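*Asks:* One structure, pasted below without further comment.
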Amino acid sequence: MSFPAEAIFKKLYASFGPQAWWPAKTPFEVMVGAILTQNTAWANVERAIANLQDNNALSARALYLMPRKKLASLIRPAGYYNIKAKRLKNFLKFFFREYSGSVRKMAGADIAKLRRQLLSVNGIGEETADSILLYALNKPVFVVDAYTKRIFARHGFISKEALYQQVQDLCTESLSRSARLFNEYHALLVRLGKDYCRKRKPRCEICPLKQACS
DNA sequence: GACCAGGCACATC
DNA sequence: GATGTGCATGGT
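Set out below in structure tokens:
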């Protein structure tokens, strides 16, 4: 059976409609959120971002200048706050060193180069890098996350042990290379994962994908 | 109280 | 290359 990537998208879009991702006001806020949401419920990330906002710290310069301990205290609700403060600092150093803290300069760079650079930052892995590329810089990169793997594995399109790159390749090869499509697709997968394809108490019998995939 | 959430780095084999 | 562990908060 081939992978009906487009049929799945249509089914999800028909069920849920546009998801308006990423939930952030600016591209820089997307980058911050991408690091804060690592293995963390989004509601907790929102609290951390609100703290940054309240302290006028939601700019590259402010975060760059803020002491790491102060930053850690503000992002505390997002969990792993010490390690995430380090990771944000690592990213900001890179951001200023390579792109003068400018989103526009960064967006002008080549996708493959950007991905390599982001992955070289300690604390930024494949999903975080790709989330930044897609949702902050509008690059056509398919984002794979825990929901993506779980959903496709449960429906038999990949194995549970599939590597990030393998899942990403499968999706990329099965769809037209469009940032708008990849943006909506990933957001819809997260929606499906949260509402139906949950780890605990999955609701397979009323899953919108049930008829489309099996 | 256990389990889970939009990962990642590092140690070890 | 595969597998195990630490990092931590807040909701179910």
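Take the first sequence: its letter number 32 is residue 803 in our numbering, and every next letter is one higher. For every residue, glycine included, the Cβ atom is placed at its ideal position computed from N, Cα and C. On a predicted model such as this, the values are computed, not experimentally measured, just so you know.
1. With a threshold of 8 Å on Cβ separation, who are the neighbours of Glu955 within its own chain once the five nearest residues in sequence on each side are excluded?
2. Considering only the beta carbon of each residue, do Lys857 and Gly896 sit closer than 8 Å?
3. Measure the C-alpha to C-alpha separation of Ala878 and Tyr835 and round it to an integer number of angstroms.
4. Leaving aside the five residues before and after Arg974 along the sequence, list all residues of the same chain whose C-beta is less than 7 Å from its C-beta, in chain order.
5. Three-state secondary structure (DSSP) at Val874?
6. Could you name the residues of the same chain whose beta carbon sits closer than 7 Å to that of Glu976, not counting the 5 residues immediately before and after it, in chain order?
7. To the nearest angstrom, how far is it from the Cα of Pro979 to the Cα of Val961?
8. Okay, do the segment 829 to 847 and the segment 917 to 934 touch, 3+ Cβ pairs below 8 Å being the bar?
9. I'd like the list of long-range same chain contacts for Thr943, defined as Cβ closer than 7 Å, with 5 residues on each side in sequence excluded.
10. Report all residues from its chain with a CB closer than 7 Å to the CB of Val892; omit the five preceding and five following residues, and keep chain order.
11. Could you tell me the boundaries of the alpha helix (DSSP H) in which Gln809 lies?
12. Is there at least one non-hydrogen atom of the ligand ADP closer than 7 Å to the beta-carbon of Asn815?
13. Report yes if the C-beta distance between Phe774 and Leu941 is below 8 Å; otherwise report no.
14. Between Glu898 and Arg886, what straight-line distance do the alpha-carbon atoms span, to the nearest angstrom?
15. Beta-carbon separation of Ile1007 and Val801 under 8 Å?
16. How many Å lie between Glu817 and Val803 at the Cα?
17. Taking 8 Å as the limit between beta carbons, can you name the residues of its chain near Arg839, skipping five residues before and five after?
18. Express the C-alpha separation of Ala819 and Ser845 in angstroms, rounding to a whole number.
19. Under the three-state reduction of DSSP, which class applies to His926: helix, strand or coil?
*Replies:* So, to answer that:
1. Phe780, Tyr784, Pro789, Gln790, Trp792
2. no
3. 20 Å
4. Tyr967
5. helix
6. none
7. 13 Å
8. no
9. Phe913
10. Asn861, Phe862, Phe865
11. First-last for Gln809: undefined, no H or E at that position.
12. With respect to the ligand ADP, the structure offers nothing, as it holds no ligand at all.
13. yes
14. 11 Å
15. Outside the shown range of the chain (772 to 985) lies residue 1007, about which nothing can therefore be said.
16. 11 Å
17. Ala856, Lys857, Lys860
18. Sequence inspection shows Leu at residue 845; the Ser mentioned does not correspond to that position. The alpha-carbon atoms of Leu845 and Ala819 are separated by roughly 6 Å.
19. coil
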